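Participant:
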Amino acid sequence: MDLRLPDNKVMTHDHGVTGLEVARAIGPGLARAAVAVKVDDQQRDLSRPIDEDGDFEVITLDSPEGLHILRHSTAHVMAQAVLDLFPGSTFAIGPPIEDGFYYDFEVPEPFTPDDLERIENRMAEIVAEDQPFVRVAMPRDEALRVFSDHKFKVEIIENVDQGEVTGGEEVTAYRNNGFIDLCRGPHLPSTGRIPAFKVLRSSGAYWRGDQEREQLQRVYGTAWGSKADLEAYLNRLEEAEKRDHRRLGTELDLFSFPPELGAGLAVWHPKGGMLRKIVEDHSRDLHQRFGFDFVFSPHIGKEDLWQTSGHLDFYAENMYPGMQYDGDPAYRVKPMNCPFHVLIYRSRQRSYRELPIRLGELGGVYRYEQSGVIHGILRARGFTQDDSHTFCTEDQIQGELEHHLDFVLTWLRDFGFSDFEADLSTRPEKMAGSAEQWDVTEQALADALEAHGVPYRIAEGEGVFYGPKIDVHISDAIGRRWQCSTIQLDFNEPDRFELEYTSAGNTPARPYMIHCAKAGSLERFIGILVEHYAGAFPMWLAPVQVSIIPVADRHDEYAGQVKERLRDAGIRAEVDLSSETVGDKIRTALTQKHPAVIVVGDDDVENTTVGLRRYGEDHDTRGVPLSEARNRLTELAQKPS
Ligand SMILES: [Zn+2]
Ligand SMILES: [Zn+2]
925 MDLRLPDNKV MTHDHGVTGL EVARAIGPGL ARAAVAVKVD DQQRDLSRPI DEDGDFEVIT
985 LDSPEGLHIL RHSTAHVMAQ AVLDLFPGST FAIGPPIEDG FYYDFEVPEP FTPDDLERIE
1045 NRMAEIVAED QPFVRVAMPR DEALRVFSDH KFKVEIIENV DQGEVTGGEE VTAYRNNGFI
1105 DLCRGPHLPS TGRIPAFKVL RSSGAYWRGD QEREQLQRVY GTAWGSKADL EAYLNRLEEA
1165 EKRDHRRLGT ELDLFSFPPE LGAGLAVWHP KGGMLRKIVE DHSRDLHQRF GFDFVFSPHI
1225 GKEDLWQTSG HLDFYAENMY PGMQYDGDPA YRVKPMNCPF HVLIYRSRQR SYRELPIRLG
1285 ELGGVYRYEQ SGVIHGILRA RGFTQDDSHT FCTEDQIQGE LEHHLDFVLT WLRDFGFSDF
1345 EADLSTRPEK MAGSAEQWDV TEQALADALE AHGVPYRIAE GEGVFYGPKI DVHISDAIGR
1405 RWQCSTIQLD FNEPDRFELE YTSAGNTPAR PYMIHCAKAG SLERFIGILV EHYAGAFPMW
1465 LAPVQVSIIP VADRHDEYAG QVKERLRDAG IRAEVDLSSE TVGDKIRTAL TQKHPAVIVV
1525 GDDDVENTTV GLRRYGEDHD TRGVPLSEAR NRLTELAQKP S
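Under our numbering, the sequence shown has 1238 at position 314, and the numbering climbs by one with no breaks.
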């Protein structure tokens, strides 16, 4: 039997050789590091016999697949610990997620922090006992017997078609010691192969995410290939926690989420409002610079419109229900701006001479999101898209896509991001438009990415049915990736709305349509900025750029004059007239992360100077002439251009 290794070398083995034996034959070091193997892209346990030729690969904890198996195995250990410790508890599902895993349990009482610690300690014992994981395959009726005390497992077995267990009549499970869980595998060979793990937190969740079903307790955990990796991850978590935009939103008085208003809906306080205005102004400036025209559209539209656009067929679960006033047609709050811009295009006959037509709007949209996924302004139910729709001829499409990518990258760079990656999603099986249209535009998108030197991954077949797209991801200050901008072709909407222009040959032709969001949701983008900068914004973005602190009451008047001078230069300055001490006032300005602090005392009044200290400096520079301070600050506050 022949197994082909990743370096194309072919090894010959007897039938029934195990993955571990093959790994040993390759090298003892590799065998020690192995957690599972792959045969023709199928993951298997190290101990499973191999019976057919194929491409062979060893999985170690250095790879995403290895970490996935590790986390999955650790989730079993967590469930084992919980069932040991909490009589009357039962377990639901426990998948690996990014950087960790969770497990859902039904328990008499929600877990306390003490409980979580006990779970972690019990898990450590199970790991220390180095219990082997043993794969068991059994017929469905036997599985139903084995798991008869665990109603969620029974439900999963009864619905095997959901693909959670295995195909067909056979059900697989993994046993370690007395504990058994449904599972497709593969697993680590034993619990002792878990190098480092931690129980993180718990929260409520519903079985199947369905609010009508059982309320469960979801316990999150993480597991890593080494203690050092775990440590580094916990540090990243702590850093992320400090930067959490919801926390900073309160500390910096930017926005809040009053429960009276409803989940996923924010109100913006004056400082957040200023930040938002700056971001919006920049969006408008750039749209104008890149040749977009501004349009405005209402927040609601007749259901017929959403029928024509296709949203009621394909997007209804994200839309709020219709509203109707006696005998009037029903209206829907908009989840997208596209149909409105299409109506503007269609408002009169268009000629090829007018194209491209680029329509931009900061359009407020509302989408129904499950309460479990709402996350501050990063994922909200109401938000503003920096949306645009471009209509152009086939000849223009290549140039337009490149122009749009240029716009998007300029926007992201202006806010301090420089590390980009893109996904290029290509045609799915079922698609609108012709194969030729997809060919041309997929190629044009790839060319645009190449031309701008943006590294990208081709997401084969992952495009939506109406056209290929580029998603641009950015990397933030602590290395997290965020998807922001989208450039999306649309071969569907122009058909549905029968859009036309008169071609050079005087015949009717259908325009190409490009949806483009640069930030995506402006609110979410601001949330990302808050976390990226940890609230210490570059000066042009800071809602308050300078706080002015008079040393004593007798300096208040001069402080007011300094503020006026700065204001005349376009600088957003505030005088702190509170009754606190100078030291406390400086501390307040620092916690508020104002980019600059000016302190004025007797000498300053006499000489028209100030004490100037920038955020991040540990002391101020005394006696700076006011005009010089003003010039320096004006320079620092320059918007990107
Ligand atoms: Zn498993
Ligand atoms: Zn659109």
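Yeah, the Cβ is synthetic: ideal placement off N, Cα and C, and Gly gets one too.
For clarity, every value in this text was computed on a predicted model and none was experimentally measured.
1. What residues in its chain sit with their C-beta under 8 angstroms from that of residue 1261, if we drop five residues either side in the sequence?
2. For residue 1408, does the three-state DSSP call read helix, strand or coil?
3. Measure how close the beta-carbons of residue 1326 and residue 1375 come, nearest whole angstrom, since I'm counting them as under 8 angstroms.
4. Quick check on the burial criterion: 16 or more other C-beta atoms within 10 angstroms. Buried or exposed for residue 1435?
5. Name, in chain order, the residues that DSSP records as bridge partners for residue 1094.
6. Mapping DSSP to helix, strand and coil, what is residue 1379?
7. Under a criterion of Cβ closer than 5 angstroms to any non-hydrogen atom of ligand 2, which residues qualify, in chain order?
8. Can you pull the DSSP bridge partners for residue 1013?
9. Tell me the DSSP secondary structure of residue 1192 in three-state form.
10. How about residue 926 and residue 977: are their beta carbons less than 8 angstroms apart?
11. Reducing DSSP to helix, strand and coil, say where residue 966 ends up.
12. Expressed to the nearest angstrom, what Euclidean distance is found between the alpha-carbon atoms of residue 1407 and residue 1460?
13. Looking only at its own chain, which residues have a Cβ that is under 6 angstroms from the Cβ of residue 981, when we skip the five neighbours before and after it?
14. Going by alpha carbons, who is nearest to residue 1257 out of 1397, 1210, 1306, 1006?
15. Just verifying my parser: in three-state terms, what is the DSSP assignment at residue 1286?
16. Measure from the alpha carbon of residue 1036 to the alpha carbon of each residue in 954, 1008, 1126, then state which is nearest.
17. Hey, would you say the C-beta of residue 1109 is under 7 angstroms away from at least one heavy atom of ligand 1?
18. If you draw a straight line from the alpha carbon of residue 1377 to that of residue 1352, how long is it in whole angstroms?
19. Taking its Cβ as the centre, do 16 or more other Cβ atoms sit within 10 Å of residue 1137, making it buried, or is it exposed?
20. Taking 7 angstroms as the limit between beta carbons, can you name the residues of its chain near residue 984, skipping five residues before and five after?
21. Spatial neighbours of residue 1356 within its chain, please: CB distance less than 6 angstroms, with the 5 preceding and 5 following residues excluded, ordered by chain position.
22. By the three-class DSSP mapping on this structure, what secondary structure does residue 1310 have?
23. Pull up the DSSP beta-bridge partners for residue 1538, would you.
24. Please report the residue range of the beta strand (DSSP E) in which residue 986 lies.
25. Any heavy atom of ligand 1 inside 7 angstroms of the beta-carbon of residue 996?
26. Assuming residue 1518 and residue 1470 are in contact, meaning their beta carbons sit under 8 angstroms apart, how far apart are those beta carbons, in whole angstroms?
27. The alpha helix (DSSP H) with residue 1244 in it runs from where to where?
28. List, from N- to C-terminal side, the alpha helix (DSSP H) runs of 4 residues or more that fit wholly inside the stretch 1398-1473.
29. Is residue 1105 near ligand 1, with its Cβ less than 7 angstroms from a heavy atom?
30. Return yes when the C-beta of residue 992 is under 7 angstroms from any heavy atom of ligand 1, and no when it is not.
31. Determine the burial state of residue 1089: buried for a count of at least 16 other Cβ atoms within 10 Å of its Cβ, exposed for fewer.
32. So what does DSSP say about residue 1145, is it helix, strand or coil?
33. What residue range does the alpha helix (DSSP H) around residue 888 cover?
Facilitator: Judging by the given coordinates:
1. 1221, 1285, 1287, 1289, 1309, 1311, 1313
2. strand
3. 6 angstroms
4. buried
5. 1063
6. coil
7. 1262, 1439
8. Its beta-bridge partners do not exist; DSSP assigns none.
9. strand
10. yes
11. strand
12. 22 angstroms
13. 930, 962
14. 1306
15. strand
16. 1126
17. yes
18. 26 angstroms
19. exposed
20. 957, 958, 959, 990
21. 1389, 1390, 1415, 1416
22. strand
23. 1520
24. First-last for residue 986: undefined, no H or E at that position.
25. yes
26. 7 angstroms
27. Per DSSP, residue 1244 belongs to no alpha helix (DSSP H) and is neither H nor E.
28. 1417-1420, 1446-1457
29. yes
30. no
31. Low local confidence applies: a pLDDT of 49 at residue 1089 is under 50, so the model's placement there is unreliable, and no value is given.
32. strand
33. The displayed coordinates of the chain run from 925 to 1565. Any statement about residue 888 would go beyond what the structure contains.
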